Each structure stands twice: as C-alpha cells, then as structure tokens.
RNA sequence: GGAGGGAUGGCAGAGUGGUCGAAUGCGGCGGUCUUGAAAACCGUUGAGGCGCAAGUCUCCGGGGGUUCGAAUCCCUCUCCCUCCGCCA
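Residue numbers (the working numbering): 50 to 474.
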C-alpha cells in the first residue's frame, strides 16, 4: 500500500509507475485521491460536530454536579437531533474510508528509478553470469534420473495426496535435509537470526502480506479453524513484527527461516510442472530484512550478493536478472531473480527472487521503528529466497550427473551428506 | 473439553457513569548538585487522524450496544491465568 500523501503530491509519477508495470488503468490514482478528499471532508465535519457534542455533554455534567437538574434536563432534551446527525455521519465515513482504502489497495508499488522499463521477460537485464550453460546431449532431465533410481516417488505422491506432492526417498531426502541445514548454517554465519515460524497463519496475517484479498486462490485453507497454509515463510516471518514499533537501533533485522511452502498453482500445466519444476509443496529457506528506509537499496545489493554466493558455493551455473518493470510483482519496487541452468531441460529455473518492498508492506502491516530522537517511521522490508529447494535439487542432479549415472555431491554438502556421490545401489 | 478469574500507557498498577487520555511507582529523557558517578531533588515522558495554524477528533484487548455523557453498564469475540479432564 502506497502513502496517500504520495498520491496527492506526485500523482503522475505513481501513474507512470503503474503503466510501466503493465497496469492498463491508472485512473484509479485519481479515484483514490478523490475518495480521500471526500473522506477528509467528512472527517472534518464529523470532528467539529463531535467537538460540539462533547462540549454539551461536559456542560451537562457540570450542571448535574452543581445540582442544577432542570437546566441539565433542558440541555439533554436538545441533544436528540445532533445525535442523529452524528450517527449518519459516522456511517458515511466508514464507507468512504473503505472506498478509499479499496482503491489504494489496487495501486501497485512504484518501480525504483534504477529498474529498466520493459514489456516482456526479454526486457529483464542479465546482470551476472556464473558457469556454463552447457548443451551436452547426454544429460537427462532430473525426473528421469530420480525416477530410475527410485529417489523421488511422484506416483505414490499422487496416490497419497495428489499431483505436486512427491515423496523424496533415500539419498534425495538426505540431500534436501543437507541443503536446508547448509542454508541455515550459512545464514547464521552471515548474521541472520534463525526463526521457526508456524506453518499455518490466520486471516490477519494473510492480509498483512497481501495474500488476501487478491491472491487467496494461491493458498491452501484449513476451513474449520480458518487457517491458511503458508505459501512462503515470508508470511509468518514478516508478520512477526506486525503492528509493532521497533527501535531504530536494532535495525537492520535479518531473519532466516526454513519452512515447507504450499501453493495451489491453479492453472499450471505441461512442461512447466514436470518433475520438480513446480510443486504444490516444497521446502525453502527464506531471508527477510527490516531496515532503515535510507538503507534499503544497499541492503538489496547485499541480499543479492549473499544469495549469489550461496549458489556459487554449490558450484551451480546460474544467472542473475534485474527484473524489468513489467515482470515485477505488485508489491515490489525492485527485484532480482536468480536462475540456475537445467542442462537436462535446456532452460533456466528460478531459484531465488530478491526484492525490496520499500515501505509498501510495512505500511499495510504497520511495522515502524522509533529513533532516538523519538521520531517514528515505517521500516523498509526486503526478502529473498536463500534458497528454494526443489529446483536446486533438480539443478544439482542435472549439473552433477556423470555419464555412468552417478550424481556427485557438491563439496560444501559432502560433510552433511557423509558421502561425495549419490550412486545407484 | 468443563468451571472460575482477568486484559488499563515501555513495565507494574489504581480507577465501577461526568472535570479521566487516565492516579501512583518503576523505567526513559532533560536539569540541579558533584572532579566524575551514584543517591537525592525539580521538570518532562503514549499512539494515531484531520488542519497552514489555532485547534480538534479517536484510541483503556477486538467488534457491537445502552446513555446527553462509558476505562467504568450490557452483548459478543479473541487472548491470558487458576483448577479439573485429555494429551506427544
């Protein structure tokens, strides 16, 4: 959610940002400004009416205290119509405010000036490359390898739960556990505080990070208890500080959290969802920052290079893209995607997405920080995956496969795995 | 799951219909004293909305109601505590 003040002062830049993001109708900005205008007028009117009523009530109280009962009764008799007026004003105001906020919620975050303006994924800017995107014809897609070995059981997953809920068996189960531990250990060394959040959240939290009202179809729901299965650790971890005033001195706050993630992914099909490409349940270590507004772009670069170092340590070929305006989400002001190379599929797979939200999330969640001088301002929030497991597993299986069918274990994982290769037994 | 008791400012804790945005203590900040510190003393100290400002409105767990007037009365929800039951 953007600051209404910003809309009032710089409506054109907000509209430009919307157009750049590919929104077709920037008139919502004018509508929001108008709605705000009428809300403020109504509030002013209500406030002065209330001031009057408060004054009368006070006078009545004084008369009663002085024992001037008849005078008080006379005043009370006159309060009737003022009361009616207040009631209708109040009703009007809550619907005006709701209208304003609904409009405001439809306005996306404005892209940062450093974000390339674009219309398609081709306009995303590659900013970093590491390793080869090779084309060796003998390399198989990961799903062939893991099914041959019985390391991932997609069929039984379908039987027990449904498509997109595979079983990981033996070496791959172990590999995933090793990755989680490696990611958490590395994050701890880099100064992140580890958090184990709840895996289901209530409605307020889902609203806080913006999953509802817009994207509720992405989440699995526990109907009886009105919980939502988290689609990412971002939801519980960012909501950790919802409605809080932090101290500026404790910023930056850096959290890492491992959680499973559940996504309904309605409408996905074909090669997009083959193997580990897109699952309904997957594991991820998420990184969340809360920083001073002045530091957020520096923090984004730090987050980006941290995630890059993770992928590099795994010895995987990958690239980093600076996402163009059209390929950014609703809430982001700047975003980098990291994509690993899948030699078996001859395509790039997104494994991390590092974003700065500026104060867009913080405003909706009311996460603020108080400075030594007593001033309070919204924090800036950022997050990034560090990393999402399935596609990393896919890339390891494909990039580390040997002509004889063995999969070598990346050196940083060997101590966790207690082996240097996954072999067909 | 059953019975009872609670929820007030950073914390503790008063307040059962009017002058209460709220006593008091602790903590925080500023000052006096001191070579410095502690102690003592004095002052100050919640958040948010609207407004150029003066000012004004809202907030005592959330929502709704009664009343001219609600922290205070009523309804409801949530959470916490105590006892019983169940339980990895």
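Where a beta carbon is used, it is the ideal one built from N, C-alpha and C, also for glycine.
Nothing here was measured: the structure is a model prediction, and the numbers come from that model.
For residue i, the first and last residue of its enclosing beta strand (DSSP E)
i: residue 278; result: 276-278
i: residue 426; result: 425-427
i: residue 288; result: No beta strand (DSSP E) contains residue 288, which is instead part of the alpha helix (DSSP H) from 283-288.
i: residue 166; result: Careful: residue 166 lies outside any beta strand (DSSP E) and carries neither H nor E.
i: residue 386; result: 383-391
i: residue 300; result: That residue, residue 300, is in no beta strand (DSSP E); it is neither H nor E in DSSP.
i: residue 73; result: That residue, residue 73, is in no beta strand (DSSP E); it is neither H nor E in DSSP.
i: residue 317; result: Per DSSP, residue 317 belongs to no beta strand (DSSP E) and is neither H nor E.
Secondary structure of residue i, DSSP reduced to three states
i: residue 145; result: helix
i: residue 476; result: Since the first residue shown for the chain is 50 and the last is 474, residue 476 is missing from the structure and cannot be characterised.
i: residue 51; result: coil
i: residue 232; result: helix
i: residue 83; result: helix
i: residue 377; result: coil
i: residue 328; result: coil
i: residue 433; result: strand
i: residue 456; result: strand
i: residue 241; result: coil
i: residue 117; result: coil
i: residue 112; result: helix
i: residue 369; result: strand
i: residue 159; result: coil
i: residue 337; result: strand
i: residue 291; result: coil
i: residue 264; result: coil
i: residue 273; result: coil
i: residue 306; result: strand
Residue i versus the options, residue with shortest Cα-Cα distance
i: residue 424; options: 255, 284, 294; result: 294
i: residue 194; options: 461, 465, 449; result: 449
i: residue 283; options: 148, 338, 300, 320; result: 338
i: residue 151; options: 210, 84, 402; result: 84
i: residue 372; options: 191, 88, 162, 96; result: 162
i: residue 240; options: 454, 288, 303, 460; result: 303
i: residue 432; options: 108, 352, 62, 327; result: 352
i: residue 281; options: 71, 400, 335, 120; result: 335
i: residue 459; options: 278, 365, 143, 327; result: 365
i: residue 268; options: 312, 297, 215, 249; result: 312
i: residue 168; options: 435, 436, 375; result: 375
i: residue 249; options: 361, 270, 184, 287; result: 270
i: residue 138; options: 264, 52, 92, 404; result: 92
i: residue 67; options: 382, 252, 356; result: 382
i: residue 89; options: 54, 208, 61; result: 54
i: residue 87; options: 141, 75, 136, 132; result: 141
Assigned exposure category for residue i - 16 Cβ within 10 Å defines buried
i: residue 333; result: buried
i: residue 205; result: exposed
i: residue 259; result: buried
i: residue 377; result: buried
i: residue 350; result: exposed
i: residue 118; result: exposed
i: residue 453; result: exposed
i: residue 64; result: buried
i: residue 318; result: exposed
i: residue 390; result: buried
i: residue 408; result: buried
i: residue 437; result: buried
i: residue 414; result: buried
i: residue 178; result: exposed
i: residue 451; result: exposed
i: residue 347; result: exposed
Residue span of the alpha helix (DSSP H) that contains residue i, given as start and end
i: residue 465; result: 463-466
i: residue 355; result: 345-362
i: residue 64; result: 60-69
i: residue 323; result: From DSSP, residue 323 is part of no alpha helix (DSSP H); its letter is neither H nor E.
i: residue 413; result: 409-414
i: residue 253; result: 252-257
i: residue 446; result: 438-448
i: residue 205; result: 203-209
Heavy atom of the ligand COA within 6 Å of residue i beta-carbon
i: residue 435; result: With respect to the ligand COA, the structure shown offers nothing to examine, as it has no ligands at all.
Next on the checklist: Which runs of the alpha helix (DSSP H) at least 4 residues long sit entirely within the region 168-200? Give them in chain order.
Outcome noted: With a minimum length of 4 residues, the continuous alpha helix (DSSP H) runs that stay inside the region 168-200 are 191-198.
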